[in-house]
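For reference, the structure discussed in these notes is given below.
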Amino acid sequence: MTHYVIYDGNCNLCSTLAQLLEKLDQGKQFQYAPMQDQATLEQFGITSQDCEKGMLLINANVPQQRWQGSDAAEEIGRLLPLGEVFVNAYRAMPGVKWGGDRLYVQVRDNRYAWFGRRSSLYESAYPICNTDACRK
């Protein structure tokens, strides 16, 4: 099953985390698009206001199934090998999910001030591709 990760390609932290996920997954489960890719966002009906709420994860088989922000991060973690065990433990601890959600919002809203802005857009080696023209 493929999932699409929509990340901020201008954000140092976001791009670094996307690169880490690329190394772990090697394009098996995830394909990526920066939030700055308007054509891809339009394909999925994603607006700039949607992007302000944080990263998105989209189920490629059922594009209406989406996760955003900290929920997207948790779902990505759950989909990784052995990740479900850790995500379930995280969600089960009283107050930890609540705190994690609040922390995500703080990082999201301060990501450029805390981690900096890239000088050029990061584009993944595993881009979202919905046409035969870009599949090899």
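Residue numbers (my numbering): 10 to 145.
No residue lacks a Cβ here, since even glycine has one placed at the ideal position from N, Cα and C.
Suppose contacts are defined by Cβ-Cβ distances below 8 Å. Is Leu65 in contact with His12 by that definition? As a first step, residue 65 is located in the sequence shown; it is residue number 56 there, counting from the start. As a first step, residue 12 is located in the sequence shown; it is residue number 3 there, counting from the start. Cβ atoms of Leu65 and His12: not closer than 8 Å.
C-alpha gap between Ser79 and Asn70, whole angstroms: In the sequence shown, counting from the first residue as 1, residue 79 sits at position 70. In the sequence shown, counting from the first residue as 1, residue 70 sits at position 61. Ser79 and Asn70: Cα-Cα distance of roughly 22 Å.
Whole angstroms are fine: how far does the CA of Asp59 sit from the CA of Glu132? Translated into positions along the sequence shown, residue 132 becomes position 123. Translated into positions along the sequence shown, residue 59 becomes position 50. The alpha-carbon atoms of Glu132 and Asp59 are separated by roughly 20 Å.
For Cys23, the three-state DSSP class (helix, strand or coil): Along the sequence shown, read from residue 1 onward, the residue named residue 23 stands at position 14. Helix at Cys23.
Extent of the continuous beta strand (DSSP E) run through Ala42: Along the sequence shown, one-based indexing puts residue 42 at 33. Counting along the chain, the beta strand (DSSP E) containing Ala42 begins and ends at 39-43.
Inter-residue Cα distance where the pair is Pro136 and Gly18: Residue 136 sits at position 127 when you count from the first residue of the sequence shown. Residue 18 sits at position 9 when you count from the first residue of the sequence shown. Cα to Cα, Pro136 sits roughly 12 Å from Gly18.
Distance check for Ala101 and Tyr121, CA to CA, integer angstroms please. Within the sequence shown, residue 121 is the residue found at index 112, counting from 1. Within the sequence shown, residue 101 is the residue found at index 92, counting from 1. Computed Cα separation, rounded: 31 Å.
Run the CB neighbour count on Asp34, radius 10 Å, all protein chains shown included, and call it buried at 16 or more, exposed below. On the sequence shown, residue 34 is found 25 positions in, with the first residue counted as 1. Burial call: buried.
Please report the distance separating the alpha-carbon of Trp23 from that of Tyr16. Counted from its first residue, the sequence shown places residue 23 at position 14. Counted from its first residue, the sequence shown places residue 16 at position 7. At residue 23 the sequence reads Cys, which differs from the Trp that was named. Their Cα atoms are separated by approximately 6 Å.
Bridge-paired residues (DSSP) for Val94: Here the question's residue 94 lines up with position 85 in the sequence shown. Note: Val94 sits in no beta bridge, so no partner.
Pairwise C-alpha distance: Arg117 and Gly36: The residue labelled residue 36 in the question sits at position 27 within the sequence shown. The residue labelled residue 117 in the question sits at position 108 within the sequence shown. The alpha-carbon atoms of Gly36 and Arg117 are separated by roughly 25 Å.
How many angstroms separate the CA atom of Val114 from the CA atom of Val105? As a working mapping, residue 114 is identified with position 105 in the sequence shown. As a working mapping, residue 105 is identified with position 96 in the sequence shown. About 14 Å.
Exposure label - Phe95; buried when at least 16 CB within 10 Å: The residue you call residue 95 lines up with position 86 of the sequence shown. Phe95 is exposed by the Cβ-count criterion.
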